[in-house]
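Sequence lines, in order, name chains A and B. So the first sequence is numbered by our numbering: it starts at 433 and just counts up by one. So the second sequence is numbered by our numbering: it starts at 433 and just counts up by one.
Number of protein chains: 2
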Amino acid sequence: MTTPTEVWLLMRGFTMDRHERRREVSEATDLPFVRVKALRWIAREPVTLGELSRMLVNDRPYTTLIVNALEERGLVTREAHPEDRRRKLVTITEAGKRVVEKAEAILFAPPPELSALDPDDLATLDRIMRKL
Amino acid sequence: MTTPTEVWLLMRGFTMDRHERRREVSEATDLPFVRVKALRWIAREPVTLGELSRMLVNDRPYTTLIVNALEERGLVTREAHPEDRRRKLVTITEAGKRVVEKAEAILFAPPPELSALDPDDLATLDRIMRKL
DNA sequence: TCCAATCGTTGTAGTTCTACAATCATTAAC
DNA sequence: GTTAATGATTGTAGAACTACAACGATTGGA
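Set out below in structure tokens:
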């Protein structure tokens, strides 16, 4: 009789303990992980600083510092919001996109164990994961 | 045709993005997550400071500080190693065990989505996860 | 026995991150 | 038009974390 706890432990053990990628991403991009995270949100669509701080679950002043650092490195631009002069809109640059690609190449690379699964099991895993 | 990348993205999205527990554990225990992590390693068996710093992938001086903090809070004890006078052996206290239990109750609680899976899918997921 | 290596500690310096205060400009509500 | 609320910024303070240096005590190796 399988319990959800057992499955959860297996899954989190696999993803968080055995295949944790934060350090690797930070080294490859020469950016603290939170800045990569911010950049990835910005790459999805332009965001305001308030939105970004909510997404990152960070304090607004710290978010300002994060964006400052990204802007300084030429990875984002910051301009007035088209509808509200209190807000700024943060947009990714081409250089920023390249950093995101590099980070995601690392984050998204499946662990060898997954690649070694037979196609049936993989498809089954996919089907079940999509239900969650 | 399912790719390992797709499955990996689903899995890491589920565990890391949607069910990340570090903040919750830190709040519940009033300890930075790395200290809870250290405590959990120590709870498995007594360790030396060198072993702990390797497990945590931390700098030895910082590991000393971590253990200092835990010791100060009465969660671990530190004593001479039985076989090597250069080493210290760090052992968990009863109070420490209670903190570990509290942390693991949070870490190990399966997300609602998993609990809502039907038993067949759950058992299948279990079977496949054990192959990884 | 002497020298090299190891262990844990103390310390320095800097970066990252958290929490909070205060301020000014802008917008929303009345 | 006036007041309250919102958004971003600047700033302060402290904790968490990283990297490195140096050192004394102990152990291993020659």
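Every residue, glycine too, gets a C-beta built ideally from N, C-alpha and C. Quick caveat, the model's predicted, so the values are computed rather than measured.
Listed in chain order, the alpha helix (DSSP H) runs fully inside the stretch 482-545 of chain B are 492-504 and 526-540, counting runs of at least 4 residues. In this chain, the alpha helix (DSSP H) harbouring B:L441 covers P436 to R444. The Cβ of B:A555 sits closer than 8 Å to at least one Cβ of chain A. Rounded to the nearest whole angstrom, the C-alpha separation of A:R559 and A:F540 is 19 Å. Nothing from the stretch 468-493 of chain B brings a Cβ to less than 7 Å from some Cβ of chain A. The Cβ atoms of B:V532 and B:A460 lie no closer than 8 Å to each other.
Taking all protein chains in view, the Cβ of B:V479 is crowded by 16 or more other Cβ atoms within 10 Å, so the residue is classified as buried. Using a Cβ-Cβ cut-off of 8 Å, B:E459 does not count as an interface residue toward chain A, since no Cβ of chain A sits closer than that to its own.
Listed in chain order, the positions of the stretch 440-452 of chain A with a beta carbon within less than 7 Å of a beta carbon of chain B are W440, L441, L442, M443, R444, F446, T447 and M448. Contact between A:L484 and A:T495 is confirmed by a C-beta separation of about 5 Å, below the 8 Å threshold.
By the Cβ rule, the stretch 435-444 of chain B counts as touching the stretch 548-563 of chain A, because three or more pairs are nearer than 8 Å.
Looking from the CA of A:R486, the closest CA among A:A501, A:K469, A:L502 and A:N500 belongs to A:K469. Sixteen is the threshold: when 16 or more other Cβ atoms of the shown chains lie within 10 Å of the Cβ of A:L471, as they do, the residue is buried. The beta carbons of A:R453 and A:I538 sit closer together than 8 Å.
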